[in-house]
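Report on the structure given below.
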Amino acid sequence: IPNVSAVKLLLAYGKRWIDVDDLDEDRGDTALHIISRSTSSNSQDLLTIIEMLLNAGAHIDFINYYGRTPLDEAVNSDVQMLLQSKQTPPRLKCLCARLIRNYQMFNNYFWPAPGRNSYVGS
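When we follow the working numbering, the leftmost residue of the sequence shown carries the number 875, and every step to the right adds one.
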């Protein structure tokens with residue numbers, strides 16, 4: 875169940891330690907993917923949390939292990955409309971990351987691990 879107060883608290887006091895674009899291990903989803911896929915009946919809470927994540931720097935065009943963005947995962951029409959309204963043309967960095975994932979290129983050959991994670995996730 876999405877909890878606006880909990881997200882607000884985490885973003886306000888945990889921002890230093892929390893990466894809003896961190897991936898889960900199963901699907902490579904970010905918090906934005908997960909909340910976009912929520913089937914909660916409270917659309918307003920979903921929209922509020924999405925706005926909070928975007929304001930905290932979450933990338934709307936981040937793709938998971940299946941090549942899907944939060945918009946692709948959205949099941950609620952209000953969430954779909956909000957995400958569509960926030961979309962901008964993808965940055966070159968994001969386009970390159972998609973190519974790397976789509977072609978399953980082993981990016982550890984291209985650059986060291988510390989830079990790799992910040993590049994693909996930024």
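Ideal Cβ positions, reconstructed from N, Cα and C, are used throughout, including at glycine.
Can you tell me where the alpha helix (DSSP H) with residue i in it begins and where it stops?
i, result
"Ala-880", "878-888"
"Val-949", "From DSSP, Val-949 is part of no alpha helix (DSSP H); its letter is neither H nor E."
"Ser-910", "905-910"
"Arg-972", "966-976"
Please state the DSSP three-state secondary structure of residue i.
i, result
"Ala-930", "coil"
"Ile-892", "coil"
"Leu-897", "coil"
"Ile-923", "helix"
"Gln-958", "helix"
Between the stretch 905-914 and the stretch 949-969, can you find at least three pairs of beta-carbon atoms closer than 8 Å?
yes
Do the stretch 916-931 and the stretch 880-888 meet, that is, are 3 or more Cβ pairs less than 8 Å apart?
yes
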